[in-house]
Amino acid sequence: MKNKTAFTILTILVLSFLLYLSGGIFVHHGSAKNSESIAADIDLLKQMEAKTPTDFSSRKIESFSGDLTEEQEKIIAMKDDSFDNSEMTKWFEDVIILGDSIVEGGSAYEWLTPSNFSSKIGISVCTAEEQIDAAINASPSLLFMCFGVNDIENYGSQVDGFISDYREAITKIQGATPNTVIYVNAIFPPQDGVQDRLPFYGYLDEYNTELEALCQELGVTFIDSGFILRELPELYDADGIHPVSAFYPLWFNYLADMAGLKDNE
Numbered sequence: 001m002k003n004k005t006a007f008t009i010l011t012i013l014v015l016s017f018l019l020y021l022s023g024g025i026f027v028h029h030g031s032a033k034n035s036e037s038i039a040a041d042i043d044l045l046k047q048m049e050a051k052t053p054t055d056f057s058s059r060k061i062e063s064f065s066g067d068l069t070e071e072q073e074k075i076i077a078m079k080d081d082s083f084d085n086s087e088m089t090k091w092f093e094d095v096i097i098l099g100d101s102i103v104e105g106g107s108a109y110e111w112l113t114p115s116n117f118s119s120k121i122g123i124s125v126c127t128a129e130e131q132i133d134a135a136i137n138a139s140p141s142l143l144f145m146c147f148g149v150n151d152i153e154n155y156g157s158q159v160d161g162f163i164s165d166y167r168e169a170i171t172k173i174q175g176a177t178p179n180t181v182i183y184v185n186a187i188f189p190p191q192d193g194v195q196d197r198l199p200f201y202g203y204l205d206e207y208n209t210e211l212e213a214l215c216q217e218l219g220v221t222f223i224d225s226g227f228i229l230r231e232l233p234e235l236y237d238a239d240g241i242h243p244v245s246a247f248y249p250l251w252f253n254y255l256a257d258m259a260g261l262k263d264n265e
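Anchor point for the sequence shown: position 157 equals 157 in the UniProt record's numbering, and the numbering is continuous, going up by one each time.
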């Protein structure tokens, strides 16, 4: 394993040096990648180099400030653990996770059962009527909502529009199934450098601040799980936005901790 790691690091260094000689700079984030991922990164680099400074926003995502809580440190310490799907399935027995492609990844990687998810790739909170209705019809004891990966691009600087639509979604659920306890997940941060090609992420902090305020207003719980990706950037997929499979058991463990789902073990 050490020889393989050393070989991978050497390969990356050689690629970096060759790109430097040709006038480019190759920045690698996360764990060792296969040749297809490296080729995709190089292609992305070329796209970024072709952009002019006016393509980028001057707004920058603030780094995570403050120490991790005890619960968060515990989650990070679990990064190399093996996980039992059956145990997590018990925690989420009467729980639905509602959202976009971030949530859909949890279903695709089969960390929980299909009935735990009401999600679809590409949706925003304002286009999720079908998924919201499905969650309402299931009337779970607990519902996690996770939107934003598409919304922040669609709404851009119009944060108020996003909050208004999120308010409408939450109040609809509260009115239809009042016994369902609702948790709202913060919009996940992208990997360092992604904002250079997707400048709308410069509004991320504003989105999450307003989303947290909305949760306080409506009496639902706000959860910021972004620390997992900030602390473990190797869990980003090649696009620097979506997580890989290994992210999900950490996220689901944190959600279970925050919602007290493990208390009945």
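Note that the Cβ used here is the ideal one computed from N, Cα and C, for glycine as well.
Beta-carbon gap between Leu211 and Phe222 smaller than 8 Å: As a position in the sequence shown, residue 211 is number 211, starting the count at 1. As a position in the sequence shown, residue 222 is number 222, starting the count at 1. Yes, they are a contact pair.
Euclidean distance between Cα positions of Ala213 and Ala77: Indexing the sequence shown from 1 puts residue 213 at position 213. Indexing the sequence shown from 1 puts residue 77 at position 77. Rounded to the nearest angstrom, the two C-alpha atoms are 30 Å apart.
Going residue by residue through the UniProt domain "SGNH hydrolase-type esterase" (98 to 246), where are the continuous alpha helix (DSSP H) segments of at least 4 residues, counting only ones entirely within it? 101 to 108, 129 to 138, 151 to 155, 159 to 176, 204 to 218 and 227 to 231
How about Val125 and Tyr183: do their beta carbons lie closer than 8 Å? As a first step, residue 125 is located in the sequence shown; it is residue number 125 there, counting from the start. As a first step, residue 183 is located in the sequence shown; it is residue number 183 there, counting from the start. In this structure, Tyr183 does not lie closer than 8 Å to Val125 by Cβ.
Between Ile96 and Ala128, is the Cβ-Cβ spacing less than 8 Å? As a first step, residue 96 is located in the sequence shown; it is residue number 96 there, counting from the start. As a first step, residue 128 is located in the sequence shown; it is residue number 128 there, counting from the start. No, Cβ-Cβ distance for Ile96 and Ala128 is not below 8 Å.
Do you know how far the Cα of Gln174 is from the Cα of Met145? Residue numbering aside, residue 145 sits at position 145 when the sequence shown is read from its first letter. Residue numbering aside, residue 174 sits at position 174 when the sequence shown is read from its first letter. The straight-line gap from Cα to Cα measures roughly 13 Å.
Looking only at its chain, what residues have a beta carbon closer than 8 Å to the beta carbon of Lys60, apart from the 5 residues adjacent to it on each side? Locating residue 60 in the sequence shown gives position 60, counting from the first residue. Unreliable placement is indicated for Lys60, whose pLDDT of 43 sits below 50; no coordinate value is reported for it.
C-alpha distance - Pro243 paired with Phe162, whole-angstrom precision: Against the sequence shown, residue 243 aligns to sequence position 243. Against the sequence shown, residue 162 aligns to sequence position 162. The straight-line gap from Cα to Cα measures roughly 23 Å.
Exposed or buried, which one is Asn179 when buried takes at least 16 other CB atoms within 10 Å? Mapped onto the sequence shown, residue 179 falls at position 179. With fewer than 16 Cβ atoms within 10 Å of its Cβ, Asn179 is classed as exposed.
Looking at C-alpha atoms only, which residue of Leu261, Asp263 and Asp257 is the closest neighbour of Thr69? In the sequence shown, residue 69 corresponds to position 69, counting from 1. It is Asp257.
Whole-angstrom distance between Asp160 and Phe247, CA atom to CA atom: For the purposes of this step, residue 247 is taken as residue 247 along the sequence shown, with counting starting at 1. For the purposes of this step, residue 160 is taken as residue 160 along the sequence shown, with counting starting at 1. If you take the alpha carbons of Phe247 and Asp160, they lie about 30 Å apart.
Taking contact to mean at least 3 C-beta pairs separated by less than 8 Å, is the stretch 110 to 117 in contact with the stretch 148 to 158? no
Status (buried if at least 16 other CB within 10 Å, exposed otherwise) for Leu21: For this step, residue 21 is matched to residue 21 along the sequence shown. Its pLDDT being 39, under 50, Leu21 is placed unreliably by the model, and nothing is read from it.
Under 8 Å between the Cβ atoms of Ile121 and Asp100? Against the sequence shown, residue 121 aligns to sequence position 121. Against the sequence shown, residue 100 aligns to sequence position 100. Ile121 places its beta carbon less than 8 Å from that of Asp100.
Closer than 6 Å by C-beta to Asp263: which residues in its own chain qualify, once you throw out the five before and the five after it? Chain order, please. The count along the sequence shown starts at 1 and reaches residue 263 at position 263. No residues qualify anywhere along the chain.
Pull up the DSSP beta-bridge partners for Ile96, would you. Residue numbering aside, residue 96 sits at position 96 when the sequence shown is read from its first letter. Bridge partners of Ile96: Leu143.
Between Ala176 and the rest of its own chain, which residues show a CB-CB distance below 6 Å, the 5 nearest in sequence each way excluded? Translated into the one-based positions of the sequence shown, residue 176 becomes position 176. If the five residues before and after Ala176 are omitted, its C-beta is found closer than 6 Å to the C-beta atoms of Ile136, all from its own chain and listed in chain order.
Lys90 lies in the alpha helix (DSSP H); which residues open and close that run? The sequence position of residue 90 within the sequence shown is 90, counting from 1. Where Lys90 is concerned, the enclosing alpha helix (DSSP H) starts and stops at Asn85 to Trp91.
Taking the Cβ atom as the reference point for each residue, do Tyr236 and Ile75 lie within a distance shorter than 8 Å? Taking the sequence shown and counting its residues from 1, the one referred to as residue 236 is at position 236. Taking the sequence shown and counting its residues from 1, the one referred to as residue 75 is at position 75. No, Cβ-Cβ distance for Tyr236 and Ile75 is not below 8 Å.
Euclidean distance between Cα positions of Pro140 and Val181: To locate residue 140, count along the sequence shown from 1; it is residue 140. To locate residue 181, count along the sequence shown from 1; it is residue 181. If you take the alpha carbons of Pro140 and Val181, they lie about 8 Å apart.
Report the rounded CA-to-CA distance for Phe188 versus Glu206, giving the unit in angstroms. As a first step, residue 188 is located in the sequence shown; it is residue number 188 there, counting from the start. As a first step, residue 206 is located in the sequence shown; it is residue number 206 there, counting from the start. Using only the alpha carbons, I get a separation of about 13 Å.
If you run the structure through DSSP and keep just helix, strand and coil, what is Asp257? Indexing the sequence shown from 1 puts residue 257 at position 257. Looking at Asp257 - three-state DSSP - the assignment turns out to be helix.
Quick one: measure Cβ to Cβ for Leu250 and Trp91, integer angstroms, because I've assumed they're closer than 8 Å. Start at 1 with the first residue of the sequence shown, and residue 250 comes out as number 250. Start at 1 with the first residue of the sequence shown, and residue 91 comes out as number 91. Contact flag wrong, Cβ pair sits at about 14 Å.
Need the endpoints of the alpha helix (DSSP H) that Lys74 sits in, please. For the purposes of this step, residue 74 is taken as the residue at position 74 of the sequence shown. Counting along the chain, the alpha helix (DSSP H) containing Lys74 begins and ends at Glu70 to Ala77.
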